[in-house]
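S.K.: Quick one: this structure, given as structure tokens, is what I'll be asking you about.
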Amino acid sequence: MTQMTLRIPDAADASIRAGAEAAGLSLNAYIVRAASRQATLDSARQLAALGLGDDLDCAGDAL
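Below is the structure:
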């Protein structure tokens, strides 16, 4: 596992904390989940751009 320090702008802090609380997650778990989801979506978009979108069955998100 890798450790990171993340600086959250003051303007975004309250909404991120509220999102974590609403999801019933710790702030750390919420941010890790958001980063993982975004990385998955970015990868899926790259595959779709290469014409490999049919290989995305069950990805859970629409491109």
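Residue 108 in our numbering is what sits at position 29 of the sequence shown, and the numbering runs on without skipping anything. For every residue, glycine included, the Cβ atom is placed at its ideal position computed from N, Cα and C. Computed from a prediction, not measured in an experiment: that's the story for all the values here.
I'd like to know whether the C-beta atoms of Ala99 and Tyr109 end up nearer to each other than 8 Å.
M.R.: Residue 99 sits at position 20 when you count from the first residue of the sequence shown. Residue 109 sits at position 30 when you count from the first residue of the sequence shown. Going by C-beta atoms, Ala99 is nearer than 8 Å to Tyr109.
S.K.: For Thr119, report the span of its alpha helix (DSSP H) as first-last.
M.R.: Residue 119 sits at position 40 when you count from the first residue of the sequence shown. Leu106 to Ala128 is the extent of the alpha helix (DSSP H) around Thr119.
S.K.: Which residues mark the beginning and the end of the alpha helix (DSSP H) in which Ile87 is found?
M.R.: Within the sequence shown, residue 87 is the residue found at index 8, counting from 1. It is not in any alpha helix (DSSP H) - Ile87 carries neither H nor E in the DSSP assignment.
S.K.: To the nearest angstrom, how far is the alpha carbon of Leu126 from that of Ala102?
M.R.: As a position in the sequence shown, residue 126 is number 47, starting the count at 1. As a position in the sequence shown, residue 102 is number 23, starting the count at 1. Near 30 Å, if we compare the C-alpha coordinates of Ala102 and Leu126.
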